[in-house]
Each structure stands twice: as structure tokens, then as C-alpha cells.
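Presented below is the structure to which this report refers.
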Amino acid sequence: MEPAVVAATTSSSFGGSSRLAALAHQLRRYKPPPSSSFDDAEETQADQETAGKVVSQVGFQESMAPDSKDPERFKPKRAAVLICIFEGDDGDLRVILTKRSSRLSTHSGEVSLPGGKAEEDDKDDGMTATREAEEEIGLDPKLVDVVTSLEPFLSKHLLRVIPVIGILREKKAFNPTPNPAEVEAVFDAPLEMFLKDENRRSEEREWMGEKYLIHYFDYKTGDKDYMIWGLTAGILIRAASVTYQRPPAFIEQCPKFKYPKLN
């Protein structure tokens, strides 16, 4: 199934294909559910429980309900990742991924999206995501049209991760130059695969007293085999759902939890 087309932007003004122009227009109209404020101590418990969503390290949307009676509430650090979409040779939508260096102290050798922690000079999440992508894989921010951001994801290391969707207008203009200190390989995969119940398996786990399913996607390109799972898989499931405007063909089993309070 193709993403819904709401074309009002021409390919000439966008600088890419008419399909990518239509997709950019569609995604710019997407607005994530509002997140409840970390700083508004007057917010009621009922308001918080019906407020926006966050997601855990396993990539599921979960209700955020901090205790409004406690003025000192949990404030995770902020990060952003880039979901860089481009049009493949066969006309499919594809996303750029990396395999982390085996020398890294955390998540070494795992598949991830380009991204990292926010810095003081970053004016927004889009700048964080594109800056990190340039540092990690040599992707010039000028080649990427940032169109929207998704709901925040909360990592198991208590990092609030904002997925930023950007469109690479001209794939041929991007020559990957991975930073060997951080990235072992750069590859791409079809975005729609994260909605299909193919080459996928799941495993039940528990976090903060809640049971959930963690999803694993196996992907082969050339002579390389990759496993995409955890936070990265969860973000891509959500990105594919928003892009193609349909839910995945499998059960996600998303847990709900309350933010922990600082001691």
C-alpha cells in the first residue's frame, strides 16, 4: 500500500520526485499527540493520564502519568534520531540505518538510526538529529528536508528520544562516510517492512512491572544480515504507520507505566 497522496507541492519546488513532494506535504500535516508538560505542577492527575504519549526503550506508545502531588518530577535527558526516507530504485520508500561500532561501550554492534543527545547550541530536535547524522555518516543536513517529529520515546537508560522524519530528496547526492569510532556500516531498508508480519519475531518481556512484546526484524542486503530490534524497531514501526497511514499487521502489545519520581 502506498502512502496517502495529498499532493499540493510540485517536485520542482521541493527538489525531488513528485511522490516525495506529496509525502513531504502529508507528513508536514502530521501532529503528534500533545505531551503533558514536565514543568506544570498544577496539572491534574486526570489531565496527565489523558495527555500525550511517550514510548519505552522497546518502542511502544505508553501513557505518561507523573504524580502531580510531587513537585520534583522525573525529567529525562533529551535526544533525537533521524528517520531519513528516500525513494529507492524500484520506487519503494527506504530508510537509512547504521550498524554501531563494536568498539562502543553501549549497544555495540546493534542496528540504530543516526542520532544522539541534544547539545546547547541545537535550536530544535531537527538540528540535533541532522547534526548527529552528519557526524556519524557524513549526511549533509542541506540534503535533508525535515518534515515532522513523532511522539517521544523513553529509553531504558532514561533518555527521552525524539524521532525526526526527514526526506532525502536526491539519494545520489549522499555518499556515506561513516565515522569509524561510532559506525561500522551504513545501509538502507524498505520502510514498509516494519508493518509486515514477515521476517519478524517477538518476545515477551517485563519492564517496570508491565509485560510487553519486543519485536525483532531480520533483514538481509547483499551478503550482510542485520537484526533490527528494540527501540529502533519500535520507532520504525511508528514511522511506517504514520507514513503509510495504517497500523502494523501484528500485535504490538504496548505496556503502560507511570514515570518514576526522583528521590
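The C-terminal position of the sequence shown is numbered 249 in this note's numbering, with every residue numbered one higher than the one before it.
Ideal Cβ positions, reconstructed from N, Cα and C, are used throughout, including at glycine.
{"query": "Pairwise C-alpha distance: proline 19 and isoleucine 237", "result": "21 Å"}
{"query": "C-alpha gap between lysine 210 and leucine 83, whole angstroms", "result": "13 Å"}
{"query": "Secondary structure of tyrosine 250, DSSP reduced to three states", "result": "There is no way to answer for residue 250, as the model of the chain reaches only from -13 to 249."}
{"query": "Close beta carbons around glycine 2, own chain, < 6 Å, minus the five adjacent residues each side", "result": "Arg155"}
{"query": "CA nearest to the CA of leucine 217, picked from Val169, Val147, Val81, Ser135", "result": "Val147"}
{"query": "Selected residue, minimal CA-CA separation from glutamate 73, among Val67, Val81, Arg14", "result": "Val81"}
{"query": "DSSP three-state assignment for lysine 158, whether helix, strand or coil", "result": "helix"}
{"query": "For methionine 113, the first and last residue of its enclosing alpha helix (DSSP H)", "result": "111 to 123"}
{"query": "Contacting residues, own chain, Cβ-Cβ under 6 Å from threonine 207 (five flanking each side not counted)", "result": "Phe173"}
{"query": "Proximal residues to arginine 187 (C-beta, below 7 Å), its chain only, five neighbours per side dropped", "result": "Tyr202"}
{"query": "Residues near alanine 159 in its chain [Cβ-Cβ closer than 7 Å; skip 5 each side]", "result": "Leu129"}
{"query": "Contacts around threonine 134, its chain only, beta-carbon distance under 7 Å, and the 5 residues preceding and following it disregarded", "result": "Leu13, Arg14, Tyr16, Ile151"}
{"query": "C-alpha distance - glutamate 137 paired with proline 166, whole-angstrom precision", "result": "30 Å"}
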